[in-house]
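Protein chains in written order, with the numbering used here: chain A, 14 to 106; chain B, 692 to 1224.
Note that CB positions come from ideal geometry on N, CA and C, so glycine has one too.
Notes for the one structure printed next.
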């Protein structure tokens, strides 16, 4: 059974905060549903690939169809919010 | 005490190193230490994987298995979902066989592994591991042990941005560069190797691991872009100042590298056996072969409509095929793959050919590929088309491209939507050659011996032997016994032992059975009459 939505959001928030600590984005607000991963946290396509790996590890989600949330037009999505990622995990875990 | 050192030199070739160690250039001897190393040790060509490429080749070197057994074929994994095809990076969890690091660790020996590709997310080993090909933004989270970043941060001059892989810069390989930009591009790799050297030196001298392994990859990058300044056959009689400047910069890299090799070898101590190996060699490429353009002309694939949005334009310009997936039957996914994927429809109505037509379709495609000629010479540009069952026999062959191409100049194909399909390059560039290098020196190793070509899988067996371990029975190549002295082999015969352990999702499975379970199994066997009291 998938963890509750709030639990997923909190875990994603901790994960994302730890990932970006080394590149210090100009974003110090709390990470929540509406946080934009590309625009606000500064993720580039290579970082999105790493995010998939980290989410797979954190949620035991190896093999989930991440393309549904991370891909668009055969490439990496140009934007994704924490809420969209949370909804994807709620549906597929 | 460090018994065994492996220094990886990505793409190193005797064709470039030879003149630099023999002093056959106007610069004299550029790599004096390597010259002494080879004179006093063993050297042989090392035959790479069928597609001589960094991820499959290094993985073969450290698993002792061909790609059909370890499961890695390229940088990129292709996920065909019928209406759409997605491309994602291979990572450590895709390696289906046990690595040397794991084999050595579980036998109680300590390992340091630095800058080897496909090592993230990092496996747990008995020692330290820093993966290669990882952005500085993710280095801290991808080391073993988890505290290692804090430790190496204390090494004088440590700079993760200098150390780590710069994806944008590496994606420029193959592009034509102006002199000034190429000079910057070469210079970027000098401090980067210095960073890896410093970490290697610190961990070697402080930890004294049984197996010390570090890979330097500037050799590959610089040879790709600066080949015409390095290839002895391409040096002009009267080079202009720009040529002299870029050659000097490229040779500075090799001069510094020689210093790193010397200091690491000295630091390992006189009792250590030191091995150097490259994942593939290098040679010159003078052709551009636009393989998807050719397949498009023949109707095997259909291009997507011209990109309109910025995102579409970026995607179309990327290193992954950008095609009309509804109407594509065969295509090359990435330039580095040199492979052709045939799409087989898993059910009627889905894109691809019917399964029953596969053999005939493939045979015709092979004929068509051999028919591609260079209009300038009228000679075929594809010299070998290898089926996956020939190239990659093994449990994971189904993930390999259906066909692997060997071009007449050993170059990599282009997948761009540009005509014509074959043109001469304006400037020759460096490309991968199947034959790399394998060197060894130390106690018990032959002196001054030039050996026979070794398969890349032999490196893992040879290192296991050097470490005093049994060579697993499922390693594909025997240890390179010819590199060791007769006396050494008499006192330390090569021992073949149990197979490697199974791997699941990057984790080596513990195959030791707890004592209490063993007793239960024995009791059951007795009860069933298989064993006597």
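Cβ neighbour criterion (16 or more within 10 Å) applied to residue i
i, result
"residue 753(B)", "buried"
"residue 743(B)", "buried"
"residue 37(A)", "exposed"
"residue 847(B)", "exposed"
"residue 1224(B)", "Here the model assigns residue 1224(B) a pLDDT of 49, short of 50, so the residue's position is not dependable, and the following value carries that caveat. With fewer than 16 Cβ atoms within 10 Å of its Cβ, residue 1224(B) is classed as exposed."
"residue 76(A)", "exposed"
"residue 770(B)", "exposed"
"residue 1023(B)", "buried"
"residue 1069(B)", "exposed"
"residue 73(A)", "exposed"
"residue 1105(B)", "buried"
"residue 862(B)", "exposed"
"residue 99(A)", "buried"
"residue 20(A)", "exposed"
"residue 1141(B)", "exposed"
"residue 845(B)", "exposed"
"residue 897(B)", "exposed"
"residue 1134(B)", "exposed"
"residue 872(B)", "exposed"
"residue 940(B)", "buried"
"residue 833(B)", "buried"
Extent of the continuous beta strand (DSSP E) run through residue i
i, result
"residue 906(B)", "902-907"
"residue 738(B)", "733-738"
"residue 923(B)", "No beta strand (DSSP E) holds residue 923(B); DSSP gives it neither H nor E."
"residue 728(B)", "No beta strand (DSSP E) holds residue 728(B); the alpha helix (DSSP H) holding it covers 723-730."
"residue 1096(B)", "1094-1098"
"residue 51(A)", "Premise fails: residue 51(A) is in no beta strand (DSSP E) and is neither H nor E."
"residue 1131(B)", "1126-1132"
"residue 882(B)", "Premise fails: residue 882(B) lies in the alpha helix (DSSP H), 870-898, not in any beta strand (DSSP E)."
"residue 832(B)", "That residue, residue 832(B), is in no beta strand (DSSP E); it is neither H nor E in DSSP."
"residue 1101(B)", "That residue, residue 1101(B), is in no beta strand (DSSP E); it is neither H nor E in DSSP."
First through last residue of the alpha helix (DSSP H) which encompasses residue i
i, result
"residue 1182(B)", "1177-1182"
"residue 806(B)", "Here residue 806(B) belongs to no alpha helix (DSSP H); instead the beta strand (DSSP E) covers 802-807."
"residue 934(B)", "932-959"
"residue 967(B)", "Run containing residue 967(B): none in the alpha helix (DSSP H); it sits in the beta strand (DSSP E), 964-968."
"residue 768(B)", "Unbroken run through residue 768(B) is the beta strand (DSSP E), 767-771; no alpha helix (DSSP H)."
"residue 984(B)", "982-988"
"residue 26(A)", "18-33"
"residue 839(B)", "839-843"
Chain-ordered chain B contacts of residue i [CB-CB under 7 Å]
i, result
"residue 91(A)", "1002"
"residue 35(A)", "828, 831"
Proximal chain A residues relative to residue i, where beta-carbon distance stays under 8 Å
i, result
"residue 780(B)", "62"
"residue 858(B)", "59"
Closer than 7 Å at the beta carbon, the chain A residues around residue i
i, result
"residue 777(B)", "80, 84"
"residue 812(B)", "66, 70"
Contacts that residue i makes with chain B (C-beta to C-beta distance below 9 Å)
i, result
"residue 68(A)", "Here the premise fails: no neighbours, minimum Cβ distance about 12 Å."
"residue 75(A)", "784, 1196"
Neighbourhood of residue i by C-beta distance below 8 Å, restricted to the same chain and skipping five residues each side
i, result
"residue 1188(B)", "1160, 1161, 1162, 1163, 1164"
"residue 774(B)", "1016, 1017, 1042"
"residue 715(B)", "709, 923"
"residue 925(B)", "918, 919, 975, 1119"
"residue 94(A)", "46, 47, 48, 49, 50"
"residue 1169(B)", "1149, 1152, 1162, 1185"
"residue 779(B)", "767, 768, 770"
"residue 937(B)", "870, 873, 874, 877, 917, 920"
Contacting residues, own chain, Cβ-Cβ under 6 Å from residue i (five flanking each side not counted)
i, result
"residue 1150(B)", "752, 968"
"residue 985(B)", "1063, 1112"
"residue 1171(B)", "1145, 1149, 1153"
"residue 1046(B)", "1035"
"residue 658(B)", "With chain B covering only 692 through 1224, there is no way to say anything about residue 658(B)."
"residue 1030(B)", "1092, 1095"
"residue 956(B)", "965"
"residue 696(B)", "903, 959, 963, 965"
Contacts around residue i, its chain only, beta-carbon distance under 7 Å, and the 5 residues preceding and following it disregarded
i, result
"residue 730(B)", "1139"
"residue 703(B)", "910, 969, 1127, 1128"
"residue 84(A)", "90"
"residue 942(B)", "718, 721"
"residue 725(B)", "708, 712, 949, 952"
"residue 17(A)", "none"
Below-8 Å beta-carbon distance, residue i vs any chain E residue
i, result
"residue 82(A)", "The structure shown contains no chain E; the protein chains it does contain are A and B."
Identify each residue in the stretch 815-838 of chain B for which the Cβ-Cβ distance to at least one residue of chain A is less than 9 Å, and report them in chain order. The stretch 815-838 of chain B vs chain A, Cβ under 9 Å: 825, 826, 827, 828, 829, 830, 831, 832, 833.
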